[in-house]
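Protein chains in written order, with our numbering: chain A, 203 to 445; chain B, 203 to 445. Cβ atoms here follow ideal geometry from the backbone N, Cα and C, with glycine treated the same way. This report concerns only the one structure given below.
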DNA sequence: CGGTTTTTTGATCTCTATCAACTATTGTGG
DNA sequence: CCACAATAGTTGATAGAGATCAAAAAACCG
């Protein structure tokens with residue numbers, strides 16, 4: 203199944219006709235991006251909508267004095283800039299974490315699709331809503347959890363999001379972020395992140411080696427992180443419509 | 203002009219026909235809420251869309267151990283739960299800050315309106331997008347600014363959002379948040395917030411008395427907060443369509 | 001293999017939390 | 001309109017989390 207289809211189907215039950223319609227997206231140009239390259243900068247005109255086909259990316263904002271905050275992760279199969287189609291300027295930047303590739307979809311194409319296929323429109327709306335929900339959970343994370351809890355929470359999100367798309371098993375999944383990236387995502391310095399990470403390891407909760415994340419004790423991790431996966435809206439009632 | 207109209211018109215240039223169509227929303231029931239009452243709790247089914255007609259409200263999430271984070275402010279004329287219409291469960295809670303009133307709009311009504319009036323649909327999409335953009339700026343705020351900068355930034359947002367709707371003048375506007383609320387929004391304790399506030403006052407930047415906010419030195423405040431209003435999307439090119 | 005990036009360590013400093021009053025302000029009922 | 005209660009703001013002392021700086025060790029990469 204194409205990544206395009208599964209990306210949309212994750213958020214809505216589609217009819218065969220809906221699926222048929224989606225094939226047109228396959229004509230969208232694919233753009234490859236090397237690791238660490240910024241694909242969209244704050245202030246840019248996004249000029250369309252993208253779907254990350256391969257690789258990982260992250261959204262970030264930075265302060266004039268160089269401080270940087272990662273405000274979200276984009277995993278394979280995630281759309282980005284869905285909500286920006288009506289806006290002329292990016293309010294944040296997006297960079298590839300690993301070598302990546304995305305479909306560049308003209309807004310008109312997506313809009314026509316959404317107009318003619320309500321269930322596809324629903325999927326887009328849900329996708330946007332989940333992004334917003336994740337943002338809010340991150341706000342709670344940064345505002346009210348300490349470094350240890352934050353990192354535990356971030357790891358669980360990474361694990362659960364991949365589980366939902368079938369990319370995690372046996373308590374193990376990809377995690378291509380460096381400690382620097384993790385620090386930028388959790389709002390601490392990389393030195394402090396390093397120490398926090400060691401603590402997680404020492405307590406037998408999580409291990410991270412060569413870009414793989416190992417959840418050693420899911421329950422205890424979820425407990426210390428006060429993790430509740432509801433915000434990710436992972437209800438996988440994949441009951442496909444037959445009509 | 204009705205708050206309903208101005209709320210939508212803030213985000214899109216409407217035609218007379220669009221405006222006409224909006225009048226149907228006026229039939230939506232108005233619900234009054236006393237100050238400090240929670241109107242929607244995490245986990246609730248929102249069952250519709252709301253427009254805050256009067257008063258202020260805030261979105262928040264809390265942790266099982268009682269820690270609480272305010273994740274956004276809702277000002278008069280703001281919609282809320284726009285994006286939730288497809289979702290069965292609130293991922294966060296919403297409470298009134300002051301005595302408030304909102305229009306409770308059935309999702310179907312809004313959806314029909316959006317379907318038949320593309321510019322209205324655009325307005326909703328923009329509204330949602332601005333909310334997300336604000337969330338991202340708050341993430342930067344919590345993750346990378348210190349207490350002093352955060353509070354300065356929050357005050358500027360409060361001021362600018364009210365300016366945009368004509369509710370601020372002479373560097374002065376409403377601000378019904380208590381220091382406790384401000385602490386919950388900036389992710390610090392109320393004691394520390396109090397001290398930070400005194401510092402802002404001492405430096406001649408901001409004063410807050412009897413629920414009114416006085417911006418004493420806008421430029422310096424914007425400088426220390428590294429404030430850039432772009433994220434609020436306040437482009438007020440109110441060039442109304444004549445067709 | 002040599003150079004770059006990433007992770008780790010130690011020492012020290014600063015910001016923010018915590019706890020426990022106390023004061024001021026606001027609101028309410030008599 | 002006053003008096004009292006409740007809420008909100010303020011203070012001081014102390015503890016703790018996280019920042020900073022600088023340098024070493026380890027891992028990665030072409």
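Handout entry: Identity of the residue in 335(A), 418(A) and 372(A) nearest residue 431(A) by Cα
Key = Residue mapping note: residue 431(A) aligns to position 229 of the first chain, counting from 1. Of the candidates 335(A), 418(A) and 372(A), the one whose C-alpha sits nearest the C-alpha of residue 431(A) is 335(A).
Handout entry: Contact set for residue 291(B): own chain, Cβ-Cβ below 6 angstroms, skip 5 residues either direction
Key = To locate residue 291(B), count along the second chain from 1; it is residue 89. Excluding residues within five positions, the ones whose Cβ falls inside 6 angstroms are 245.
Practice task
Take residue 360(B) and list the residues in its own chain whose beta-carbon comes closer than 6 angstroms to its own, dropping the five residues that flank it on each side.
Solution key: Residue 360(B) sits at position 158 when you count from the first residue of the second chain. If we look at residue 360(B) and ignore the five residues flanking it on each side, its Cβ neighbours are 377.
Practice task
Output yes or no for whether 8 angstroms exceeds the beta carbon distance between residue 295(B) and residue 365(B).
Solution key: Taking the first residue of the second chain as position 1, residue 295(B) is located at position 93. Taking the first residue of the second chain as position 1, residue 365(B) is located at position 163. In this structure, residue 365(B) does not lie closer than 8 angstroms to residue 295(B) by Cβ.
Problem - Nearest candidate by alpha-carbon position, reference residue 287(A), set 309(A), 402(A), 406(A) and 229(A) - result: Along the first chain, read from residue 1 onward, the residue named residue 287(A) stands at position 85. It is 309(A).
Handout entry: In DSSP terms, what residue 414(B) is bridged to
Key = On the second chain, position 212 is the one that residue 414(B) refers to. Note: residue 414(B) sits in a beta bridge opposite 376(B) and 411(B).
Handout entry: Top-ranked residue by Cα proximity to residue 277(B), from 254(B), 402(B) and 205(B)
Key = Here residue 277(B) refers to the residue found at position 75 when the second chain is read from its first residue. For residue 277(B), the nearest C-alpha among the options comes from 254(B).
Handout entry: residue 232(B) versus residue 316(B): straight-line alpha-carbon distance, rounded
Key = For the purposes of this step, residue 232(B) is identified with residue 30 of the second chain, where counting begins at 1. For the purposes of this step, residue 316(B) is identified with residue 114 of the second chain, where counting begins at 1. When rounded, the distance between both Cα atoms is 21 angstroms.
Handout entry: Beta-carbon gap between residue 333(B) and residue 257(B) smaller than 8 angstroms
Key = For the purposes of this step, residue 333(B) is taken as the residue at position 131 of the second chain. For the purposes of this step, residue 257(B) is taken as the residue at position 55 of the second chain. Not a contact, by the Cβ cut-off of 8 angstroms.
Problem - Minimum Cβ-Cβ distance from residue 338(B) to chain A less than 8 angstroms - result: Here residue 338(B) corresponds to residue number 136 of the second chain, with the count starting at 1. Against chain A, the CB of residue 338(B) has a partner CB under 8 angstroms away; the residue lies at that interface.
Problem - Proximal residues, the region 307 to 341 of chain A versus chain B, C-beta separation under 8 angstroms - result: 324, 327, 328, 330, 331, 333, 334, 335, 337, 338, 339, 340 and 341
Exercise for the section: Mind listing, in chain order, the continuous alpha helix (DSSP H) runs of no fewer than 4 residues lying wholly within the region 271 to 346 of chain A? Expected result: 309 to 318 and 320 to 346
Practice task
Run down chain B in chain order and give the residues with a C-beta less than 8 angstroms from the C-beta of residue 178(A).
Solution key: Because chain A here runs from 203 to 445, residue 178(A) falls outside it and cannot be looked at.
Exercise for the section: Taking residue 313(B) as the reference, give the member of 390(B), 223(B) and 358(B) with the closest Cα. Expected result: Counting from 1 along the second chain, the entry for residue 313(B) is found at position 111. Minimum Cα distance to residue 313(B) is reached at 223(B).
Problem - residue 421(B) - DSSP class collapsed to helix/strand/coil - result: Along the second chain, one-based indexing puts residue 421(B) at 219. The answer is helix: DSSP assigns residue 421(B) an H, G or I state.
Exercise for the section: Just the C-alpha distance for residue 375(B) and residue 367(B), rounded to the nearest angstrom, thanks. Expected result: Start at 1 with the first residue of the second chain, and residue 375(B) comes out as number 173. Start at 1 with the first residue of the second chain, and residue 367(B) comes out as number 165. Distance between the alpha carbons of residue 375(B) and residue 367(B) is about 11 angstroms.
Handout entry: Identified DSSP bridge partners for residue 232(A)
Key = The residue given as residue 232(A) occupies position 30 in the first chain. Answer is 305(A), bridged to residue 232(A).
Exercise for the section: Closer than 6 angstroms by C-beta to residue 328(A): which residues in its own chain qualify, once you throw out the five before and the five after it? Chain order, please. Expected result: For the purposes of this step, residue 328(A) is taken as residue 126 along the first chain, with counting starting at 1. Once the five neighbours on either side are set aside, the close Cβ partners of residue 328(A) are 213.
Handout entry: Closer than 8 angstroms to chain B by CB, residue 382(A)
Key = Stepping through the first chain from its first residue, residue 382(A) is reached at position 180. Not an interface residue.
Exercise for the section: Sort 219(A), 435(A), 220(A) and 269(A) by Cα distance to residue 383(A) and report the nearest one. Expected result: Position 181 of the first chain, counting from 1, holds the residue named residue 383(A). Of 219(A), 435(A), 220(A) and 269(A), the residue nearest in Cα terms is 269(A).
Handout entry: Whole-angstrom distance between residue 423(A) and residue 392(B), CA atom to CA atom
Key = To locate residue 392(B), count along the second chain from 1; it is residue 190. To locate residue 423(A), count along the first chain from 1; it is residue 221. Taking the straight line from one Cα to the other gives about 29 angstroms.
Problem - Inter-residue Cα distance where the pair is residue 259(B) and residue 303(A) - result: As a first step, residue 259(B) must be located in the second chain, where it is residue number 57. As a first step, residue 303(A) must be located in the first chain, where it is residue number 101. When rounded, the distance between both Cα atoms is 41 angstroms.
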